[in-house]
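Chemist: Each position in the sequence shown, counted from 1, maps to that position plus 18 in my numbering.
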Amino acid sequence: MRRRTSTVDFHCSSAASYRSAFTLVELLVVISIISLLMALILPAIQSAREAARRTQCLNHIRQLCLGMHGAASRSASGQLPAYGVWGDDVATSAISTQPAALWSWVVEVLPFIDRRDLYDRWDFNLRHSNGANATLIESFNMKVLTCPDDESAHERSGALSYVVNAGYAGIDSVIELNRTTGWGNQNGNYHEFDNVKIDWNSNGTVGDREDNELTRRSGVMWREVIHRSQGNFPAERNQSLSLKEIYDGQSQTLLFTENLHAGGLESPAQMWGDPDARSCTFVLPIKRMIQAGPSYYADPPLDPNFPGCVINGARDGNEGRSPWPSSNHPGGVCAAFCDGSTKFVNEDIDLLVYKSIITPAGSRLNASGVVAQTILSDSDF
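(1) Terminal residues of the continuous beta strand (DSSP E) containing TRP104?
(2) May I ask you to report which of helix, strand or coil DSSP gives ALA69?
(3) Would you check if there are 3 or more beta carbon pairs closer than 8 Å linking the region 263 to 273 to the region 338 to 356?
(4) Which residue wins for smallest C-alpha separation from THR164, given the options ASN221, GLN81, ARG234 and VAL224?
(5) Assess contact between the region 37 to 56 and the region 140 to 159, defined as three or more Cβ pairs (one per stretch) separated by less than 8 Å. Is contact present?
(6) Would ARG145 and ALA177 qualify as a contact pair, given that the criterion is a beta-carbon distance under 8 Å?
(7) Out of VAL363, PRO341, SER397 and ALA390, point me to the one whose CA is closest to ARG72's CA.
(8) Determine the extent of the alpha helix (DSSP H) in which LYS361 is found, giving its start and end residues.
(9) Give the DSSP bridge partners of LEU98, in chain order.
(10) When burial is assigned at 16 or more other CB atoms within 10 Å of the CB, is ARG92 buried or exposed?
(11) Counting beta carbon pairs with one atom in the region 229 to 239 and one in the region 371 to 384, are three or more of them shorter than 8 Å?
(12) Kindly identify the DSSP beta-bridge partner or partners of ILE244.
(13) Could you give the DSSP three-state label for SER157: helix, strand or coil?
(14) Using DSSP with H/G/I as helix, E/B as strand and the rest coil, what is CYS165?
(15) Using alpha carbons as the reference points, say which of ASN221, ARG333, PHE40 and GLY102 lies closest to CYS298.
(16) Taking the C-alpha atoms as reference points, what is the distance between ASN183 and CYS83?
(17) Whole angstroms is fine: what's the gap from ASP294's alpha carbon to SER122's?
(18) Do you know how far the Cα of ILE367 is from the Cα of LEU394?
(19) Helix or strand or just coil, what does DSSP make of VAL48?
(20) Comparing alpha-carbon positions, which option in ALA89, ALA94, ASN277 and GLY105 lies nearest ASP167?
(21) Hey, how far is the Cα of ILE131 from the Cα of GLY281?
(22) Please classify PHE40 as buried or exposed, where buried requires at least 16 neighbouring CB atoms within 10 angstroms.
(23) Which word fits ARG255, buried or exposed, when buried means at least 16 other C-beta atoms lie within 10 angstroms of its C-beta?
(24) From GLU337 to GLY185, what distance separates their C-alpha atoms?
(25) Is it the case that the Cβ atoms of MET86 and VAL125 are separated by a distance below 8 Å?
(26) Per DSSP, TRP121 forms a beta bridge with which residues?
(27) ILE451 to ARG296, Cα distance in whole Å?
(28) Taking the alpha helix (DSSP H) that CYS298 falls in, what are its first and last residues?
(29) To the nearest angstrom, how far is the alpha carbon of HIS279 from that of ALA171?
(30) In angstroms with no decimal places, state the Cα-to-Cα distance between PHE399 and VAL388.
(31) Report the partner residues of GLU254 according to the DSSP bridge assignment.
(32) Which residue marks the beginning of the beta strand (DSSP E) containing GLU337, and which one marks its end?
(33) Helix, strand or coil for VAL181? Go by DSSP, reduced to three states.
(34) DSSP three-state label for VAL301, please.
(35) In whole angstroms, give me the CA-to-CA distance for ASP135 and PHE158.
(36) Mind checking who LEU3 pairs with in its DSSP beta bridge?
Structure below.
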């Protein structure tokens, strides 16, 4: 019997073999679907990662705020420590005519952020950039001091992302404060309430006792100068406020914000131990002559386009010379208030509201010729 050959089987087999792969059209459709899914998923992933980094940043700044409360508890009145301490370096035999930069607020809070080991090794007889202190700063990374979005600081030894509220800084010249050079000349390395020299009460006398007190009430923390054996300069006691002096409400007064340019990693002289106001504080720049008298409360600070007048207005500033709130978080900065609460503050905040949450006693009505700030509502920021 002759065997028959089936052409049908041959064609079916060939068809099955042919259809085991994608056609060009099918491949393009699959690629398009994958691309569409990636376009939908990746932004969500990126947003989730940013939210996680922002949450971590808020946790860090909350820990520092609680540490600052711990440091204040050492004072019977609840006075906050100085933002920076200056004085004579006892390691030198020469008589000092100018106070040396000794340590910043970071050193004061070390025992209260679980770093008693570093605090006990700090040599309070030396300036922060000398000997064992410089080695201590350079050798240890403290994650709590940096924001994960601060690329110049995160997970780097000696780095700092967070700064404290030092109130208003009087600015008379772009030489003192501008986008290129930062806050540099005329004693910009320190900031003290009686050095701003503004005639707030418009009585014709600049820097009288009432003016100085009004300036002190523009910020929360101020510097201290200690006088020991080698100093030939006047001492200045700590003028930082106590928590009970926060007249406007601790929940409505800033204590900490972020600053991308806090500190500086070029040398130990600009790291977290540095008491330089440009490194460890944030200030609100104002023009002394224009904003004297009632405008202390009534007018917005300077021109909104001036760096430092608005949140994130000086992202391109210089390290260690740009003491204004800034961050890489989209839309604002993380901040901690004097009551220990934390919040993300929008960079589009109303300027007068921003000004009000910096001043701890701006709504107080006890100065001649000065109009008090409007009392804030919790929904204002």
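Even glycine gets a Cβ: it sits at the ideal position worked out from N, Cα and C.
Modeler: Let me spell this out:
(1) 102 to 105
(2) helix
(3) yes
(4) GLN81
(5) no
(6) no
(7) VAL363
(8) Note, LYS361: premise wrong, no alpha helix (DSSP H); beta strand (DSSP E) at 360 to 364.
(9) The partner list for LEU98 (beta bridge, DSSP) is empty, contrary to what the question assumes.
(10) exposed
(11) yes
(12) GLY105
(13) helix
(14) coil
(15) GLY102
(16) 12 Å
(17) 8 Å
(18) 13 Å
(19) helix
(20) ASN277
(21) 19 Å
(22) exposed
(23) exposed
(24) 20 Å
(25) no
(26) VAL103
(27) What the structure shows of the chain is the stretch from 19 to 399, and residue 451 is not part of that stretch, so it cannot be assessed.
(28) 295 to 298
(29) 9 Å
(30) 24 Å
(31) VAL243
(32) Taken as a continuous stretch (DSSP letters only), GLU337 belongs to no beta strand (DSSP E), as it is neither H nor E.
(33) strand
(34) strand
(35) 11 Å
(36) Examination of residue 3 is not possible in this model, given that the chain is present from 19 through 399 alone.
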